[in-house]
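In the numbering used here, the protein residues as written are 139 to 396. Backbone N, C-alpha and C define an ideal beta-carbon position, used for all residues, glycine too. Since we're looking at a predicted model, the values are computed, not measured. Read the structure below first, then the notes.
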């Protein structure tokens, strides 16, 4: 294999266990197997890839993939998805809420992400902003309102550093740049999606408030978040992609020329 096309055509199935021709045209991404399990149960389909890196399930032209955690894996899945050229990719992620006004269980539709993770620098110069496909975010916002819920918009900081909650200097930096939330993948997904000409968006669930000691995520608090909000989070993702399919909306907000 010499070309990127040859590699991703082989590796997408290698990582997922799913033949290319069986992927849906619309993709949900998650970091959590439980989302895939709920999706499979909802649609009465099998989970694929138990012996592979990325478990997944497919129904109604939508494939949901648990790509694991972190910006390198986020870049990997966005590269691999060039094998099928999806019409839309929507990330259902969790993030830490960084401002007092946001609460656990709130949703954020990111309008941009700060590229603190470093991985995206292998794809685009550091000064290029990490932006989602606007039309995809617009559809997601409509879905949330249709469900009688509300959401925040703002900027997400993505970092490669998982354990930082003890670092007061880093917390002060986050306050200074005035970001709304923090995660490890959003900036990478937006940047590598743009690089690969894949329309990419995200809806993030605030799972913790890591700027204060009592708000740092624990096993117990994370289980509570899953029990109370995971099903709604997944429903938002499914309905958003279904709306795109029903309305036959074209979501490439740019001509991807650079």
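Where the alpha helix (DSSP H) containing residue i begins and where it ends
| i | result |
| --- | --- |
| residue 290 | First-last for residue 290: 290-297, but that is the beta strand (DSSP E), not the alpha helix (DSSP H). |
| residue 331 | 324-333 |
| residue 277 | 272-284 |
| residue 174 | 171-181 |
Residue interval of the beta strand (DSSP E) (run including residue i)
| i | result |
| --- | --- |
| residue 229 | 226-235 |
| residue 379 | Per DSSP, residue 379 belongs to no beta strand (DSSP E); it is in the alpha helix (DSSP H), 357-385. |
| residue 210 | Note, residue 210: premise wrong, no beta strand (DSSP E); alpha helix (DSSP H) at 209-218. |
| residue 166 | 164-168 |
| residue 313 | Unbroken run through residue 313 is the alpha helix (DSSP H), 306-315; no beta strand (DSSP E). |
| residue 343 | 338-346 |
| residue 147 | No beta strand (DSSP E) contains residue 147, which is instead part of the alpha helix (DSSP H) from 142-154. |
| residue 190 | Counting along the chain, residue 190 falls outside any beta strand (DSSP E), and DSSP gives it neither H nor E. |
| residue 245 | 245-254 |
Supposed close pair residue i, residue j - CB separation, criterion 8 Å
| i | j | result |
| --- | --- | --- |
| residue 318 | residue 238 | Between residue 238 and residue 318 the Cβ distance is about 11 Å, and since that is not below 8 Å, they are no contact. |
| residue 166 | residue 233 | Contact flag wrong, Cβ pair sits at about 17 Å. |
Buried or exposed (CB count within 10 angstroms, at least 16 for buried), residue i
| i | result |
| --- | --- |
| residue 294 | buried |
| residue 217 | buried |
| residue 164 | buried |
| residue 285 | exposed |
| residue 311 | exposed |
Alpha-carbon to alpha-carbon, residue j and residue i
| i | j | result |
| --- | --- | --- |
| residue 189 | residue 314 | 44 Å |
| residue 376 | residue 219 | 19 Å |
| residue 176 | residue 326 | 26 Å |
| residue 352 | residue 332 | 37 Å |
| residue 259 | residue 305 | 24 Å |
| residue 256 | residue 350 | 26 Å |
| residue 396 | residue 146 | Residue confidence is low: residue 396 scores 44 on pLDDT, short of 50, so the model does not pin down where it sits. No coordinate-derived value is stated. |
| residue 322 | residue 142 | 25 Å |
| residue 359 | residue 279 | 26 Å |
Closer than 6 Å: residue i CB and nearest the ligand GDP heavy atom
| i | result |
| --- | --- |
| residue 353 | With respect to small molecules bound, the structure shown includes none, and the ligand GDP cannot be examined in it. |
CB contact check: residue i to chain B, cutoff 7 Å
| i | result |
| --- | --- |
| residue 252 | In the structure shown, chain B cannot be found, because there is only a single protein chain. |
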